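Just below is one structure, and these are the notes that go with it.
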Amino acid sequence: MDRQRVATCIALLEEQYGVPQPDEIDPVDLLVMTILSQNTSDTNSLRAFALLKGAFADYEELLAASDEAVADRIRPGGLAEIKARRIKEALAQIKQYAGAISLFFLAGMGKEEAMAYLLSLPGVGPKTASVVLLFAFGMPFLPVDTHVYRVSWRLGLVAEDVRPEKAQPILERIIPAEKYLSLHLNLIKHGRLICRARGPKHDECALRNYCSYFQQGQKA
Ligand code: SF4
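Here's what the structure looks like:
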């Protein structure tokens, strides 16, 4: 897809869903939320996060608690034992590295160094690290979740045979960096509401004139 078509798709999504603005959010909260969101719905993971934050005065207290006590608080998010262990290990490593459970030191790093640090933490892959760096620090990363990936290949932004983990650098090359946050959030909305995995609503889609998947279906 050429850059003009990409720009048009971004503009159409912003027309439909608005131009998202970054919220101020603590990067450790974001990291914990993102670990909790793995393999479950937003509703469940947000509930688990609220229960976790309500149960412990701060992350020091959480770190001192047993794995079982942490797991008990996050059961609604699924895979409670695994996620409790990952969260505690990640917090312990951050504390050991920075002397406190804080990630604000990442602001002083270059983007690749910050990414490498986050990837060294347990349970943190490129998507989780990109979410933290984009949303908490405004660093130019475009996280690719299941919705972003599906809508991207259907539109023709990446080839269908490109694996999800390879899609991020391709998208980052063709999307202007100042639109990463907007496109990430709006593609998630579009993937949930219109370009669903099963039964995409082509007739209601503002992007259909620019969509390879739809146009191929029209020709077939
Ligand atoms: S036209 Fe259909 S396949 Fe293409 S983005 Fe819209 S809903 Fe998805």
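The numbering used here puts the first residue of the sequence shown at 787, with every later residue one more than the last. Heads up, the beta-carbon is just placed ideally off N, CA and C, and yes, glycines get one too. Only a predicted model underlies this, so the values are computations on that prediction, with no experimental measurement involved.
| Query | Result |
| --- | --- |
| Residues near ALA963 in its chain [Cβ-Cβ closer than 8 Å; skip 5 each side] | PRO926 |
| ASP844 at chain C interface by Cβ criterion, 9 Å | No chain C is part of this structure, which consists of one protein chain only. |
| 9 Å Cβ cutoff met for LEU889 and PRO813 | yes |
| Start and end residues, alpha helix (DSSP H) containing SER938 | 932-941 |
| Burial state of ILE811 (16 or more Cβ within 10 Å) | exposed |
| Top-ranked residue by Cα proximity to MET819, from ALA850, ALA834 and PHE1000 | ALA834 |
| For CYS981 and GLU990, the rounded distance between their alpha carbons | 9 Å |
| Uninterrupted alpha helix (DSSP H) stretches inside the segment 799-839 (no shorter than 4 residues) | 813-822 |
| Cβ neighbour criterion (16 or more within 10 Å) applied to TYR845 | buried |
| Beta-carbon separation (whole angstroms), ILE821 vs GLY911, contact threshold 8 Å | In fact, because the Cβ distance is near 10 Å, the residues do not count as touching under 8 Å. |
| Range covered by the alpha helix (DSSP H) that runs through MET901 | 897-905 |
| Contact shell at 6 Å, judged by CB to any heavy atom of the ligand SF4, ordered along the chain | VAL937, ARG940, LEU941, ILE980, CYS981, PRO986, LYS987, HIS988, CYS991, LEU993, ARG994, CYS997, TYR999 and PHE1000 |
| Cβ-based burial, LEU928 [other Cβ within 10 Å; buried from 16] | buried |
| Pick from ALA886, LEU919, THR914 and GLN882 that is closest to ALA900, judged by C-alpha positions | LEU919 |
| N- and C-terminal bounds of the alpha helix (DSSP H) containing LYS913 | 912-923 |
| Where the alpha helix (DSSP H) containing ASP853 begins and where it ends | 853-859 |
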